[in-house]
Amino acid sequence: MNIAVLIKMVPDTESRLEIVDGKIKEDGFKYMVNPYDEFAVEQAVQFKESVGGKVTLVSLFSDNSSIDTDLRKMMAIGADETIVLRQQGYRGDRTTSNARILSKTVKELDPDLVICGVQGIDYYQAATGPMVAHFLGVPHVSGVTNLELDGDKLTASRQMEGGLQIVESSMPILITAQKDMTKVRFPALKDIMMSKRKPFENREVEIEEGTDVVTVECSLPPSRGGGVILEGDGPEEKVDKLIEKLKMEAKVI
Amino acid sequence: MDPFHDYYGVEWYLILLGWSAIALGSHFYQVGTVVRLIRLGEDDDRFNSWKQRLTEFLVDWLGQRKVVQDKVAGYAHAMIFWGFLMLVSDIVDLGTGGLFQELLSRIRLDGIWNLVVDVGYAMAAIGIIIALYRRLVIRPEKLKGSSIEGPLILLAILGIILTAFIVEAGNMIGEDSNYNSWEPIGVLFAEQMESMNHETVANVVDISYWIHMVLIGGFLIEIPQTKHSHLIGTIPNVMFQDHSPMATMNPMQTDENDVAVKTDDLDFDNLTLGVNKFADFTWRQLSDGWACTACARCQDVCPAYNSGKTLNPMQIVMDVKDYGREHSSLLLAGKEPGETIIDRFTSDAIWACTTCYACVEACPVHIEHVPKLTDTRRHLVMEASDFPEELQNLFNNLERNSNPWGLGAHTRGDWAEGLDLKIGEPAEYLFFVGCAGSFDDRNKKVSRATAKLLKEAGVDFSILGEMETCNGDPARRAGNEFLFQMMAETNVDNLNSLGTLKIITACPHCFHTIGKEYEKYGGKYEVYHHSQILNELRQKEKLKIKDFEDKVTFHDPCYLGRIGGETEAPRNALGGELIEMERHGTNSFCCGGGGARVWMEEDADKRVNEIRAKEASKTGADCVAVGCPFCMTMMSDGLKSIGENKQVKDISEILLENLEART
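Protein chains in written order, with numbering that gives the first Met the number 0: chain A, 0 to 252; chain B, 0 to 662.
Here you go:
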């Protein structure tokens, strides 16, 4: 089975987030593989391990950041090769444009199955996957919590509000993976080292026309002030101070 | 009268030769198998510093230095041991029909020799009686469930001694002259026997002689099979004891200068990571199995065992020997048994170790229990990728944000806000804060207290701020040696680029790792625990601190006290009258947090920290002083869960509270 997995590189959730002039300051970001995409890689590798075939990772990212280590780790899990589409001025929120570029590369691979995470944890748009399916002209099932393969038939489960939907489909198809679709393995050190020998290709791509929304302004949630510890000699004085604060500052009594 | 005559027409020496051939043949064949098994192990070059090794051997083996730390069993053992060394030549004499004595009489040493042998037998007999009394009457808790083998062998040795005295006495009675006063105990026996008629005496001597020889031969056959292999096994064990500082670990690969090969240059095609097979252990790790005497001292002090975990350090050592013995034919044929050494240890046991090294410290014969567990962890993590789930988070967090909690690496220096510290600038000292001191709210207060005291005393120091990463100890002790090495390399690069020579840290794990382990990764520094610096500042009166007034007890962190060898500085720095817990100093009991255990699940019913919290509570102190961020967490939690309302404070916090205002 020939499987393509789409990988989005997203800012590490513990990166320093600063907004300057209504725009996110991105130069201090560390990037990591979108956690939802890790489930996709694991699922793809499990299918490959049971029926044979090949798993190719495709990622679209800017041209000035090194992401080799993170993607090699995905190959250590068991993916066979990686294609990174390097784009000057890449943005993670340009869904149609990005989906159009990704779909061109995926089409060349002619996969039986395309899997990606349900959404990127940068902009949470949940749009690129279905759009790639559209450009490829294949059906898609989104937010899959369990995926099973039986011959050339796929059975996908989707967690719905208060219930479970089971979908059957033939291939080719695009699946987007919900959290916990699989349990991602921790690659052994030997596998990480051996992954350095697997093919890793960087391709330059241009920005494609797209009908994308434009982010006008970003802002951080208002920061909460810390609590105040009342100082005083003994509980009576502290209580007096508290009453005063409740009256004068909080105006609740 | 002597037993050296023919029996039913067969000369005594022919019978003895036959029996010796069987006993010695069996003995040496078995020992040969053990030696071949041990030689299957990997190289470990300990054939150096002979002068030091010989001295240690004399003190530890001949002098029984650590054996006698247990007052009853230890001195009983020492008496048996020294007694045997004194009497062993008598076996030659009795085996040769008195030739040895005759030789000695020519140089007039036979009298003294007789006395030495006699006293030797007597000492061994006293030792054995004490040991039998301990095993059969006192029956300490740890000996319950141990096999009947122990008392049986003791009785057999007692038999060897008694029969020797009877033969000795019989000789005197036959000689019709005055009794040999060089053999006072023999004389005592002779006086008891002289009223018997001579025929009976002759029979008793004959029977005793042969019982004596049968028992010695039997003992020779038994030695290689049971814990009595320690009679031989302790010799290489003590002689080739570890000379590197306690708890230091070996890099994955080293070059000819014993420096670690850089992570980028590791040759993974030809690298065995950790231990899964018998022969993956070094020869010295394997020889431990045959040196163990099952004295259970390691078991007594093990925090995992004492909190009801699967791990028993003594069993781990026994497992090595039993596994080797049971699979010896396969192993010696170069084949692998279906069961691996990890299967034998069980992974529950492997992950229960806190790497506190109490077992290693307690062992009288220098057995190295902990490396067996950390080496198998290396295999489980790096080769098999089979380890407790919590550790996956730990590793990911360390990889991404270089701290165990996965908090943003850029916030590492935030604890120092408002203190106006030098960050990333050269200074006399570098304050290596560590992860807990940087990210854990409780321990950030310790970092602030330490920094304030250092500033108060006018110490020139800086911190690394965002440049600092975890020293790597949690990853390393949890088996992820590769991750450890990456962090070590990063830290060494950063520290060296600042020209760092002297480091202060409030974390004993940083203290140990940076001070004793980084040299192999290119970093050589003088590393001080903050208690050492604070003590010096106090003694030199750069800090004016009054003695604390509360009732305080001090919990020695394993990596500072037992492993780091520093038990005085924290006490002197604190000043005042401490109330000591029963187990303190190098015998301190682990808080349960070491060996990455602080990030792993622990069964709520059997927690190590509760055991230690109870010990602290028993002192009646109001405050438990600690010198380690993980002890801080574990002791606070432990005291809470046993319902104790004691405060846990770092040394630096107590000092800051008692700092006298600047004049």
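Backbone N, C-alpha and C fix where the C-beta goes; we use that ideal spot for every residue, glycine too.
Could you say if the segment 508-528 of chain B and the segment 403-423 of chain B meet the contact criterion of at least three C-beta pairs nearer than 8 Å?
no
Rounded to whole angstroms, what is the Cα-Cα separation between I182(B) and M122(B)?
Against the second sequence, residue 182(B) aligns to sequence position 183. Against the second sequence, residue 122(B) aligns to sequence position 123. It should be noted that the sequence gives Glu, not Ile, for residue 182(B). Going from the Cα of E182(B) to the Cα of M122(B) covers about 14 Å.
Does the ligand ZN have even one heavy atom less than 8 Å from the beta-carbon of Y517(B)?
You won't find the ligand ZN in this model; it holds no ligand whatsoever.
Roughly how many angstroms lie between the CA atoms of T271(B) and E467(B), to the nearest whole one?
Residue mapping note: residue 271(B) aligns to position 272 of the second sequence, counting from 1. Residue mapping note: residue 467(B) aligns to position 468 of the second sequence, counting from 1. For T271(B) and E467(B), the distance between alpha carbons rounds to 31 Å.
Measuring straight from C-alpha to C-alpha, what distance separates T662(B) and K545(B)?
The residue labelled residue 662(B) in the question sits at position 663 within the second sequence. The residue labelled residue 545(B) in the question sits at position 546 within the second sequence. Note that T662(B) has pLDDT 48, beneath the 50 cutoff, so the model's placement of it is unreliable and no number is given.
List the residues that DSSP assigns as beta-bridge partners of E525(B).
The residue you call residue 525(B) lines up with position 526 of the second sequence. Paired residues: K501(B).
Residue-chain proximity (K29(A), chain B), Cβ-Cβ < 9 Å:
Here residue 29(A) is taken as the residue at index 30 of the first sequence, counted from 1. So yes, K29(A) belongs to the interface.
Reference D11(A); option with closest CA among P302(B), L310(B) and G405(B)
Start at 1 with the first residue of the first sequence, and residue 11(A) comes out as number 12. Comparing Cα-Cα distances from D11(A) to each of P302(B), L310(B) and G405(B), the minimum goes to G405(B).
What do you get for P473(B), buried or exposed, if any count of 16 or more other CB atoms within 10 angstroms of its CB means buried?
Taking the first residue of the second sequence as position 1, residue 473(B) is located at position 474. By the beta-carbon neighbour count (other beta carbons within 10 angstroms, threshold 16), P473(B) is buried.
Answer yes or no: do V40(A) and I76(A) have a C-beta to C-beta separation smaller than 9 Å?
Position 41 of the first sequence, counted from the first residue, corresponds to residue 40(A). Position 77 of the first sequence, counted from the first residue, corresponds to residue 76(A). Yes, the pair counts as a contact, with Cβ atoms nearer than the cut-off.
Using beta-carbon positions only, say whether V623(B) and A615(B) come within less than 9 Å of one another.
Along the second sequence, read from residue 1 onward, the residue named residue 623(B) stands at position 624. Along the second sequence, read from residue 1 onward, the residue named residue 615(B) stands at position 616. In contact: V623(B) and A615(B) (Cβ atoms closer than 9 Å).
Could you tell me whether any Cβ in chain A is nearer than 9 Å to the Cβ of R476(B)?
Numbered from 1 along the second sequence, position 477 holds the residue referred to as residue 476(B). R476(B) has a beta carbon lying at 9 Å or more from every beta carbon in chain A.
Would you mind reading off the limits of the alpha helix (DSSP H) that contains G323(B)?
In the second sequence, the residue the question calls residue 323(B) occupies position 324. P312 to E325 is the span of the alpha helix (DSSP H), which, as asked, contains G323(B).
Just the Cα atoms here: how many angstroms apart are I159(B) and H368(B)?
By one-based count along the second sequence, residue 159(B) stands at place 160. By one-based count along the second sequence, residue 368(B) stands at place 369. Cα-Cα distance, rounded: 34 Å.
Taking 9 Å as the CB-CB cut-off, is V4(A) touching chain B?
The sequence position of residue 4(A) within the first sequence is 5, counting from 1. No, V4(A) does not count as interfacial toward chain B.
Interface residues of chain A around R399(B) at Cβ under 8 Å?
Position 400 of the second sequence, counted from the start, is the residue given in the question as residue 399(B). Per Cβ cutoff of 8 Å: D11, E13, K29 and M31.
As assigned by DSSP and simplified to three states, the class of A259(B):
Counting from 1 along the second sequence, the entry for residue 259(B) is found at position 260. Residue state, collapsed to three classes: strand.
Below 8 Å between beta carbons is the criterion; list the residues of the segment 363-385 of chain B that meet it against any residue of chain A, in chain order.
V380, M381, E382, A383 and S384
For V58(B), is the classification buried or exposed, using 16 other Cβ atoms within 10 angstroms of its Cβ as the cut-off for buried?
The residue you call residue 58(B) lines up with position 59 of the second sequence. Exposed: under 16 other Cβ atoms inside 10 Å.
Within the segment 58-141 of chain A, note down every full alpha helix (DSSP H) run reaching 4 residues or more, in order along the chain.
67-76, 94-108 and 127-135
How would you call G269(A), buried or exposed, if buried means at least 16 neighbouring beta carbons within 10 angstroms?
Because residue 269(A) is not part of the residues shown, which for chain A are 0 to 252, the question remains open.
Find the nearest neighbour of F28(A) within the set K47(A), Q86(A), K53(A) and S64(A), judged by alpha-carbon distance.
Counting from 1 along the first sequence, the entry for residue 28(A) is found at position 29. Of the listed residues, the one whose Cα sits closest to F28(A) is S64(A).
What residues of chain A sit near L494(B), judged by a beta carbon separation below 7 Å?
The count along the second sequence starts at 1 and reaches residue 494(B) at position 495. Those within 7 Å of L494(B) in chain A number zero; the least Cβ separation is about 22 Å.
Tell me the DSSP bridge mates of S156(A)?
As a first step, residue 156(A) is located in the first sequence; it is residue number 157 there, counting from the start. Answer is N145(A) and I165(A), bridged to S156(A).
Which residues in the same chain have their Cβ closer than 7 Å to the Cβ of E180(A), if we skip the five residues on either side of it in sequence?
Working through the first sequence from its first residue, we reach residue 180(A) at position 181. For the sequence presented, residue 180(A) should be read as Met rather than Glu. Only F38, Q42, V143, T144, N145 and L146 meet the Cβ criterion.
Check whether the segment 77-90 of chain A touches the segment 152-161 of chain A, counting contact only when three or more Cβ pairs, one atom from each stretch, lie closer than 8 Å.
The answer is no - the segment 152-161 of chain A does not touch the segment 77-90 of chain A, with fewer than three Cβ pairs under 8 Å.
With a threshold of 9 Å between beta-carbons, can L15(B) be considered close to chain A, or not?
Residue numbering aside, residue 15(B) sits at position 16 when the second sequence is read from its first letter. Cβ-Cβ to chain A under 9 Å: no for L15(B).
First through last residue of the beta strand (DSSP E) which encompasses Y30(A)
Residue mapping note: residue 30(A) aligns to position 31 of the first sequence, counting from 1. Per DSSP, the continuous beta strand (DSSP E) segment holding Y30(A) begins and ends at Y30 to V32.
Run through chain B and tell me which residues come within less than 7 Å of A187(A), C-beta to C-beta.
Working through the first sequence from its first residue, we reach residue 187(A) at position 188. M381, E382, A383 and S384, listed in chain order.
Could you confirm whether any beta carbon from chain A is found closer than 9 Å to the beta carbon of L406(B)?
Within the second sequence, residue 406(B) is the residue found at index 407, counting from 1. Yes - at least one Cβ of chain A is within 9 Å of the one on L406(B).
Verify the CB distance criterion: does R184(A) have a CB-CB separation below 9 Å to chain B?
Sequence index remark: in the first sequence, residue 184(A) carries index 185 (1-based). R184(A) counts as touching chain B.
Chain-ordered neighbours of M409(B) on chain A, where CB pairs are closer than 7 Å:
As a first step, residue 409(B) is located in the second sequence; it is residue number 410 there, counting from the start. The sequence as given places His at residue 409(B); Met does not occur at that position. Neighbours of H409(B) on chain A, chain order: R15.
Tell me whether the beta-carbon of M743(B) lies closer than 9 Å to the beta-carbon of I137(B).
An answer regarding residue 743(B) cannot be provided, because it is not within the stretch 0 to 662 covered by chain B.
Under 9 Å between C-beta atoms of A303(B) and T375(B):
Reading the second sequence from its first residue, position 304 is the one you call residue 303(B). Reading the second sequence from its first residue, position 376 is the one you call residue 375(B). Against a cut-off of 9 Å, the Cβ pair of T375(B) and A303(B) comes out as no contact.
To the nearest whole angstrom, what separates the beta carbons of L379(B) and F386(B), a pair I think is in contact under 8 Å?
The sequence position of residue 379(B) within the second sequence is 380, counting from 1. The sequence position of residue 386(B) within the second sequence is 387, counting from 1. Right, the Cβ-Cβ distance comes to about 5 Å (below 8 Å), so this counts as a contact.
Is the beta carbon of K371(B) closer than 9 Å to that of V319(B)?
Here residue 319(B) refers to the residue found at position 320 of the second sequence. Here residue 371(B) refers to the residue found at position 372 of the second sequence. Cβ distance < 9 Å, so V319(B) and K371(B) count as in contact.
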